[in-house]
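Residue numbering for the sequence shown is 159 to 426, as defined by the working numbering.
Here's the structure, in structure tokens; my notes come after.
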Amino acid sequence: MHHLERPEGRIAYDLYDGDDGALVVCVPGMFDHRASFRFVGRALAAAGYRVAVMDLRGHGDSDTTFTAHDSRAAASDAIALAEELGGERVVMVGNSMGAAAVTIAAIDRPDLVAGIALLGPFLRQPALDPPTRVMMRILLTRPWAPRALTFWYDRLHTGRTPKGHDEQKERVLRMLRPKERFRAIVATINAQNENVDTTEGMTAEAVVIMGERDPDWKDPHAEARWVSSVVGGRSVMVPDCGHYAQAQRPDVVAPVLVDLIERVAADA
Numbered sequence: 159m160h161h162l163e164r165p166e167g168r169i170a171y172d173l174y175d176g177d178d179g180a181l182v183v184c185v186p187g188m189f190d191h192r193a194s195f196r197f198v199g200r201a202l203a204a205a206g207y208r209v210a211v212m213d214l215r216g217h218g219d220s221d222t223t224f225t226a227h228d229s230r231a232a233a234s235d236a237i238a239l240a241e242e243l244g245g246e247r248v249v250m251v252g253n254s255m256g257a258a259a260v261t262i263a264a265i266d267r268p269d270l271v272a273g274i275a276l277l278g279p280f281l282r283q284p285a286l287d288p289p290t291r292v293m294m295r296i297l298l299t300r301p302w303a304p305r306a307l308t309f310w311y312d313r314l315h316t317g318r319t320p321k322g323h324d325e326q327k328e329r330v331l332r333m334l335r336p337k338e339r340f341r342a343i344v345a346t347i348n349a350q351n352e353n354v355d356t357t358e359g360m361t362a363e364a365v366v367i368m369g370e371r372d373p374d375w376k377d378p379h380a381e382a383r384w385v386s387s388v389v390g391g392r393s394v395m396v397p398d399c400g401h402y403a404q405a406q407r408p409d410v411v412a413p414v415l416v417d418l419i420e421r422v423a424a425d426a
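In structure tokens form, the structure reads like this:
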């Protein structure tokens with residue numbers, strides 16, 4: 159584990175060392191741990207690329223001292239990490255809220271971000287009906303909130319169960335138990351993220367990767383088509399997969415990412 163120094167604290171990240179190939183920065187979603195990218199990180203490193211997988215602010219082993227926890231803040235951390243590691247024409251991979259973060263990074267820094275992969279992406283804020291709002295308030299109430307969120311995290315893995323999934327759930331549960339860290343994670347869940355419905359100025363090559371059984375959308379195919387239209391990219395639907403394609407179907411995700419990296423290299 160490594161740490162990136164930021165103005166209000168440190169961001170934890172793992173570095174999977176390949177050769178001196180392209181740098182890939184991976185950003186997970188809310189109440190997730192960076193280890194969800196463990197399979198993809200190893201696969202890309204074996205293919206010769208450098209892979210940095212970060213925790214969001216207050217998540218995993220990142221500090222709980224930050225005041226902003228939205229997708230734009232995560233984008234600034236991803237950019238800072240890419241710069242810290244000397245990346246050029248970087249490929250960024252984001253899951254869920256992390257997908258919005260890497261898209262914002264690509265819009266803000268077209269000179270740095272040359273490719274983005276969006277996994278189960280939330281580029282627009284979901285409209286929650288009253289029963290869902292009530293459920294969320296109950297879900298985020300201690301003392302049962304850590305176990306309730308871990309249960310929900312498990313349910314979002316509709317389809318194939320990843321290897322080492324019990325260990326990953328235990329990481330998430332341990333992360334949610336300390337009060338300061340829990341407050342930071344709740345701040346992330348409740349953050350007012352901007353809708354990313356235009357990508358003017360973005361030049362990055364884009365691919366959207368969506369689980370066919372992702373329970374976050376009534377129609378995952380329709381959401382993937384909409385996101386693809388926003389970022390001007392192609393979409394890949396992943397069978398037997400819910401919200402965490404990087405963990406559930408690395409056999410599908412890793413080759414798609416290698417293809418993206420090679421496309422970016424060919425355009426250089």
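Virtual Cβ for every residue (Gly too), placed ideally from N, Cα, C.
**Study point:** Endpoints, the alpha helix (DSSP H) within which Ser386 is located
**Key:** Unbroken alpha helix (DSSP H) run through Ser386: Pro378 to Val389.
Check your understanding: To which residues of the same chain is Gly179 closer than 7 Å at the C-beta, ignoring the five residues directly before and after it?
Key -> These residues qualify, in order along the chain: Gly206, Tyr207 and Arg208.
Review point. By a C-beta neighbour count over all protein chains shown, 10 Å radius and 16 as the cutoff for buried, is Asp309 buried or exposed?
Key: One detail in the question is off: residue 309 reads as Phe in this sequence, not Asp. When all chains shown are included, Phe309 counts as exposed.
**Study point:** 6 Å CB neighbourhood of Gly273 in its chain, flanking five on each side removed
**Key:** Result list for Gly273: Val249, Ala362, Glu363, Leu418 and Val422, in chain order.
Review point. With DSSP run on the structure shown, which of helix, strand or coil describes Tyr311?
Key: In this structure, Tyr311 counts as helix in the three-state DSSP scheme.
Review point. Val260 to Val251, Cα distance in whole Å?
Key: Annotation: Val260 to Val251 spans about 7 Å, alpha carbon to alpha carbon.
Review point. Does the separation of the CB atoms of Arg247 and Ala424 fall below 7 Å?
Key: Contact flag unset, no.
Exercise for review: Tell me whether the beta-carbon of Glu370 lies closer than 7 Å to the beta-carbon of Pro397.
Suggested key: With respect to the 7 Å criterion, Glu370 and Pro397 are classified as neighbours on the basis of their beta carbons.
**Study point:** His160, DSSP secondary structure in three states
**Key:** Shown here, His160 sits in a strand according to DSSP, grouped into three states.
Exercise for review: Spell out the partners DSSP gives Arg371 in its beta bridges.
Suggested key: Bridge partners of Arg371: none, in fact.
Point to revise | DSSP three-state assignment for Asn229, whether helix, strand or coil | key: According to the sequence shown, residue 229 is Ser rather than Asn. Three-state DSSP puts Ser229 in a helix.
Practice item. Starting from the C-beta of Val365, find all residues in its chain whose C-beta is less than 7 Å away, skip the five residues before and the five after it, and write them out in chain order. Key: Cβ neighbours of Val365 beyond the five flanking positions: Ala275, Gly391, Arg392, Val394, Val414 and Leu418.
Practice item. Please classify Ile362: does DSSP put it in a helix, a strand, or coil? Key: According to the sequence displayed, residue 362 carries Ala and not Ile. Correct three-state label for Ala362: coil.
Check your understanding: If you draw a straight line from the alpha carbon of Thr346 to that of Asp324, how long is it in whole angstroms?
Key -> So the two alpha carbons sit approximately 24 Å from each other.
Point to revise | Among His217, Ala203, Ala263 and Asp287, the one whose alpha carbon lies nearest that of Arg230 | key: Residue nearest to Arg230 within the set His217, Ala203, Ala263 and Asp287 is Ala263 (criterion: CA-CA distance).
Check your understanding: Would you report the Cα separation of Phe340 and Trp375, rounded to the nearest angstrom?
Key -> Cα-Cα distance, rounded: 26 Å.
Practice item. List the residues that DSSP assigns as beta-bridge partners of Ser254. Key: DSSP, once it has assigned bridges, lists no residue as partnering Ser254.
**Study point:** Cβ contact (3+ pairs, closer than 8 Å) linking the segment 213-232 and the segment 162-182
**Key:** Because the criterion of three Cβ pairs below 8 Å is met, the segment 213-232 and the segment 162-182 touch.
Practice item. Following the continuous alpha helix (DSSP H) through Val416, name the residue where it begins and the one where it ends. Key: Secondary structure note for Val416: its alpha helix (DSSP H) is the uninterrupted segment Pro408 to Asp425.
Check your understanding: Between His191, Met212 and Met188, which lies nearest to Tyr174 when the distance is taken from Cα to Cα?
Key -> Nearest option by C-alpha distance: Met212.
**Study point:** Coarse secondary structure for Leu298, derived from DSSP in three states
**Key:** In the structure shown, Leu298 adopts coil according to DSSP, grouped into three states.
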